[in-house]
Amino acid sequence: MSTDTGHNSVSIDGEWAYHAPEKLIDWGYRAMHGSTMLAKELTRAYYGKRLEYSYYSGCSTGGRQGLREVELYPDDFDGVIAGSPAWWTSHLQPWTVKAGTYNIPGSGQIPASMFPVIGDEVVKQCDPQDGFVDNVVMEPQHCDLKLEALLCRAGNSTGCLTPAQLDTLRLIYSDYVDANQSFVFPPLLPGSESQWDTLINNGTANPLGTDYVRYFLGLGPQWTQDQFNDSIVQLSDELDPGNATANDYDISLFQKKGGKLLMYHGMADGYIPTDSSLYYYNQITKTLGSSDTDLDDFYKFFYVPGMQHCSGTPDNMRAPWYFAGPNQGPALSPSAHSVPGFEDPKHDILLALMDWVERGVPPEYIIATTWNNDTMQDEVYRQRPLCFFPKRAVYSGKGNANEAENWEWIPNMSLSSKQKAIVAYGPFRAGKWKLRDVSPRDLREKELLVEIVASGICHSDLYFADKESGPGVHFPRVMGHEGVGYVKEVGPNCSVAQIGDPVILTFSACHQCETCQNGHTAHCLDFVQLNFGASEETYNFNVFDEGSSDSSHSVHGSFFGQSSFSTLAIVRESSAVNVSHMLGKDRDELALMAPLGCGVQTGTGAILNVANAGPKDRVVVLGLGGVGLSAIMGAKIAGCAQIIGIDRFDSRLELAKELGATDVINTASTSEFSQVTEMLLAQTNGLGANITIDTTGVPGLIQESVNMTSYKGKILQIGAAPSDAILSIPIFQFMSDGKQFIGVVEGDVDPQKYIPQMVEWVKDGRLPLQKIMQFYDAEDFETALNDMKSGKTIKPVVGLAGSKNFETGMSLIIPNESLITSAVKGLIVVLTGGAQGVGRNVVEQLHSAGAKVIFGDVDDNLAVQVVSSLTDNNNNNSSSSSDSASSHDPGVHFVHCDTSSYDDQLSLFQAAYNRYKRIDVVIANAAVSIPRDPFSPANLTDESIFNPPTMAEVDVNLKGVLYTARLGYHYLRKNSNPEHRGDLVLVSSIAGFKECEGLVTYTASKHGVIGVMRGLALQAAKEGVKINTICPWMTKTRMVRGIEQGWYDLDLPSNEPADVARAILVCATANRSSKPGQVHQGAVLPFSGKILWVGGGKSYEIEDRLQSLEPEWLGHENSEILKKGQEYLHSGETSWDSK
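1 is the number of the first residue of the sequence shown in the UniProt record's numbering; add one for each residue after it.
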């Protein structure tokens, strides 16, 4: 049966719909139903008997029509195949217009010739990440795609992308969210590039989108894509022309009549984003989850890796795609029937559906096929099983990977059934916490299965860790309650998140009792039972006995509704906060948020939510652990007048000052609690605190807080005191003074609103969590707990899912691209060594962003090539830049410069200053590496010892950097802003802090570069000059050609020159934000005296952590003595000049 759905037109002409409501209804659903009824009557009349079964098979719009039949007319068909359905009409068509505006003409437009190049890079990066290299991208949603690999390199301006074009590419791969950050539609997936010429191409939206707006929405033929905005989506939702959108998600009537639905979507679809089908699946799951319906009994969904829209596969993948689905036969051959050579339910989706409907045999999988020549079906090239979501196919490791029989499938996306968990069998101090293999039970109502990326360790974990028995102590149990991770399964009647969403976990609440209804979920009447209780309902895990693969026993979960010390956690819906609108697939970024779910929200919430602190308040924080330091950060966010931290450890007091404390008090020498009050009154001119927060739980100190708090002051009790502790209050005085004593749990916040707010604070630098965090692998959990107990670590965080590869998010710096773009424009930058490698990438990135760059190099030919490639007028390319700036400034200039020559460097700086009358950023990048190490045995002979070794590495790498730093410091000091006169960036190396055998002179020179930064940083900071150092690890430049192949053979991470260049730009712009909150994530301001280690394309700040750990590696006593000596030397009262 076929139908014209009530109108005549070509597929991309929508003019027929203009002011034609009846035609729209026909197109939306009515024509399909009416034609189906008529076709059944004709068939019955022709054959003289009733139909036993009716089947529907359609793809794209046909897929939408099939779903609409299931929703509106469940009796029409017994079985339905809906392929790549265009079901969400009201959002798909506006997205089609939006996608057409991404690649508009201009500096950011990506030419269509680059689409295959991008596709090849996607395969190169994403294919290995799915676990088997075969050119098929099996899990594009989970690919950690480093787009910077496509950035134009030194000497190459073709077959690559500019920074502006990379921004366009990021748009294409990003969700469409409106101005209110509401989700509108998913993006095209990596791997879909072969079909981008239809929707993305040249910045002109496809008529399928524009005609929809003009004629379906009725805005008229004069409407153009330039008028598109988010209101179009709102209008489309309101009108839903023809009632075409298949969003009547309750399809239970279809299930009850025995109907079966198979739905699929190709992962290389460049017309309809693949995960729009996942969204539909999730909506059905959510809608029917509260019923007794077993979805898998009648509805199955599967992805087709490497398949384009409905049929076909990109040339660079050659994925198996054919299974006799709708529209596939004609794409294969006009005469194709079923699956040639494999006409059975395992290979043919229609036969599989018929088997399911008529014989009650549900398909376990569908085998897809592709031939060496698809149109001839001459010889099978590949076959592979397509598994029903959420399972996925994996190569067994045995036999020919192109044969389906050598593939198997695993549940829960990329997760195996056995997971790791830290199981408490008794007190931690007794050695009864063990890392065990576990498997979670099936989900129940309002539960999620979350893959835990990381979990913070909180003092509540320690509180229960060492108890034998008592309230809240239940063994065996999996602890942990500061988890972050990704949703892997959604249980019945659970609506907080969908599969794949990132979530931050927190406490549980009933949301039904009076206190919950009044907005105080942290004081829920069922808080103790929900967060600490144990029952038959909380046996969440089966633990495999040590050394056994089948013997197991049950253990409790549900600690704080999550028990996040496990790679997979069963989480109560009320404990999950969905942050998919703020965070994506970067696991390091998500791991950084782990402490937000308890400790940080408790400390900051107490200040901001309970105390309502403001600029007039004097805040005192007793105890500077994770919660106390969070309170310090909260008080700084509130802009409090005085913030006083009190503790016994100097290291914590110093950290408190870094985080915002205006004053600190060390109580190590006190013998009476009253002395603390005396010291506090001295710090506050006898006034005391408006707000006193106790995080210690020490009864005597809590008692003393009554005395240290001023009139009308608030005492906030956070620390857990002994259950039998008593607070004595002089009632009349307390009343007359107007003081308040307030118990605080979890900051008395609404986590659904407050945690996203904290995420914003982390991202804009106001909550520098990396200052208090230390990451540990799951196998090192005992060390993590002991380090917290001893005070060595403030906030330990345990990496769980993939813990052996867990990267420390503690110091991870994530560049803010908008900050770089806005801050770089108009800067005057001087750089040494700009003709190739990292230096050339820096020049290109700076020039692209609008900076004026003057660089020096010894290689005149390469340098001229750089200038030529970046300018339109080659007449401006000269080896001397002494002329005054012309009316047409190309923005990039080269000066011949041997970095080891002070005169050459002076000429470089004078040329820049004479041309632009100022210098804003100086980058010391030039370096050399001499293979003939003077300390190698081959160069230490009786003959060679008489010849002095070459010191070129010292001359260029160290002496040259000293010259650059001196000249740069001089010229930067001429700028007028005393707070920030300019930035000096020195490029060192991994050899600057790690030994490198065979590179003695090089290593010494690069160690010296860090010495230059450390020696100058304090002095420079006083004059507003920020100085930082870059230490790249293995980077793909000419210097590493001798070790490159062996490095890759070991599968070790490496940097592209563009990665290092980006880190340099981070240092150059970190202090240049012109907007509140516009910072590089993880960069603690002021950004000066830092060392960025660049490894595997990511940047990590390491100097702050190294310095904070000084008492550990030097010894506390030695560290204190050294501190006093350094204070004397930096006092300004000393001079190294001898008289």
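Glycine residues also receive a C-beta, built at the ideal position from the N, C-alpha and C atoms.
These numbers were taken from a predicted model, which means no experiment stands behind them.
Residue interval of the beta strand (DSSP E) (run including residue i)
{"i": "Lys1026", "result": "Val1025 to Pro1032"}
{"i": "Phe855", "result": "Lys852 to Asp857"}
{"i": "Ile772", "result": "Unbroken run through Ile772: none, as it is neither H nor E."}
{"i": "Trp433", "result": "Trp433 to Pro440"}
{"i": "Ile646", "result": "Gln642 to Asp647"}
{"i": "Val830", "result": "Ile828 to Thr832"}
{"i": "Ala911", "result": "Element bounds for Ala911: not the beta strand (DSSP E) but the alpha helix (DSSP H), Tyr902 to Tyr916."}
{"i": "Arg50", "result": "From DSSP, Arg50 is part of no beta strand (DSSP E); its letter is neither H nor E."}
{"i": "Pro890", "result": "Here Pro890 belongs to no beta strand (DSSP E), and DSSP marks it neither H nor E."}
{"i": "Asn578", "result": "Ala576 to Asn578"}
{"i": "Glu447", "result": "Glu447 to Gly456"}
{"i": "Trp1093", "result": "Ile1091 to Gly1095"}
{"i": "Ile665", "result": "Asp663 to Asn666"}
Reduced DSSP secondary structure (H/G/I, E/B, other) of residue i
{"i": "Asn707", "result": "helix"}
{"i": "Cys524", "result": "coil"}
{"i": "Ile945", "result": "helix"}
{"i": "Thr506", "result": "coil"}
{"i": "Cys516", "result": "helix"}
{"i": "Val487", "result": "strand"}
{"i": "Ser548", "result": "With a pLDDT of 44 at Ser548, under the threshold of 50, the predicted position of this residue should be treated as unreliable, though the coordinate-derived value follows. Ser548 falls in the coil class under three-state DSSP."}
{"i": "Glu938", "result": "Per the sequence presented here, residue 938 reads as Ala, with Glu not at that position. Residue state, collapsed to three classes: helix."}
{"i": "Asp1049", "result": "helix"}
{"i": "Cys143", "result": "coil"}
{"i": "Ser1005", "result": "helix"}
{"i": "Met593", "result": "coil"}
{"i": "Ala99", "result": "helix"}
{"i": "Val133", "result": "coil"}
{"i": "Glu482", "result": "strand"}
{"i": "Gly603", "result": "helix"}
Straight-line gap, residue i to residue j (C-alpha atoms, nearest Å)
{"i": "Thr5", "j": "Tyr173", "result": "34 Å"}
{"i": "Arg64", "j": "Lys260", "result": "16 Å"}
{"i": "Val698", "j": "Val620", "result": "16 Å"}
{"i": "Tyr18", "j": "Arg214", "result": "8 Å"}
{"i": "Asp764", "j": "Ile637", "result": "12 Å"}
{"i": "Arg918", "j": "Leu906", "result": "15 Å"}
{"i": "Val339", "j": "Glu447", "result": "41 Å"}
{"i": "Ala99", "j": "Ala1020", "result": "48 Å"}
{"i": "Val1025", "j": "Gln642", "result": "28 Å"}
{"i": "Trp356", "j": "Ile81", "result": "12 Å"}
{"i": "Asp872", "j": "Thr274", "result": "Bear in mind that a pLDDT of 49 at Asp872, under 50, signals an unreliable position, so the number given afterwards is only what the model happens to contain. So the alpha carbons of these two residues sit roughly 42 Å apart."}
{"i": "Gln283", "j": "Tyr299", "result": "13 Å"}
{"i": "Lys792", "j": "Asp694", "result": "21 Å"}
{"i": "Ile813", "j": "Gly992", "result": "20 Å"}
{"i": "Val503", "j": "Cys598", "result": "14 Å"}
{"i": "Asn861", "j": "Tyr971", "result": "28 Å"}
{"i": "His265", "j": "Ser277", "result": "7 Å"}
{"i": "Asn877", "j": "Tyr1100", "result": "Low confidence applies here, because Asn877 scores a pLDDT of 36, under 50, leaving its location unreliable; read the following figure in that light. Rounded to whole angstroms, Asn877 to Tyr1100 spans 37 Å at the Cα level."}
{"i": "Leu687", "j": "Ala611", "result": "18 Å"}
{"i": "Ser414", "j": "Phe132", "result": "The predicted model places Ser414 with a pLDDT of 39, which falls under 50 and marks its position as unreliable; any figure quoted below should be read in that light. Near 12 Å, if we compare the C-alpha coordinates of Phe132 and Ser414."}
{"i": "His459", "j": "Glu482", "result": "11 Å"}
Residue i, enclosing alpha helix (DSSP H) - first and last residue
{"i": "His33", "result": "Ala31 to Tyr47"}
{"i": "Ala635", "result": "Gly626 to Ala638"}
{"i": "Asp748", "result": "It is not in any alpha helix (DSSP H) - Asp748 carries neither H nor E in the DSSP assignment."}
{"i": "Gln65", "result": "Thr61 to Leu72"}
Short CB-CB distance (under 9 Å) between residue i and chain D
{"i": "Ile731", "result": "The structure shown has no chain D; it contains just one protein chain."}
Rounded Cβ spacing between residue i and residue j (contact assumed at less than 8 Å)
{"i": "Asn841", "j": "Pro1057", "result": "4 Å"}
{"i": "Glu704", "j": "Val744", "result": "No, Glu704 and Val744 are not in contact; Cβ-Cβ is about 18 Å, not under 8 Å."}
Notebook entry, point to check: Quick one: complete alpha helix (DSSP H) runs, 4+ long, within the region 265-332?
Noted result: Segments of the alpha helix (DSSP H) lying fully in the region 265-332: 275-288 and 328-332.
Check: At what residue ranges does the region 327-381 contain a whole run of the alpha helix (DSSP H), taking only runs of 4 or more?
Finding: If we require 4 residues or more, the alpha helix (DSSP H) runs fully inside the region 327-381 come out as 328-332 and 349-359.
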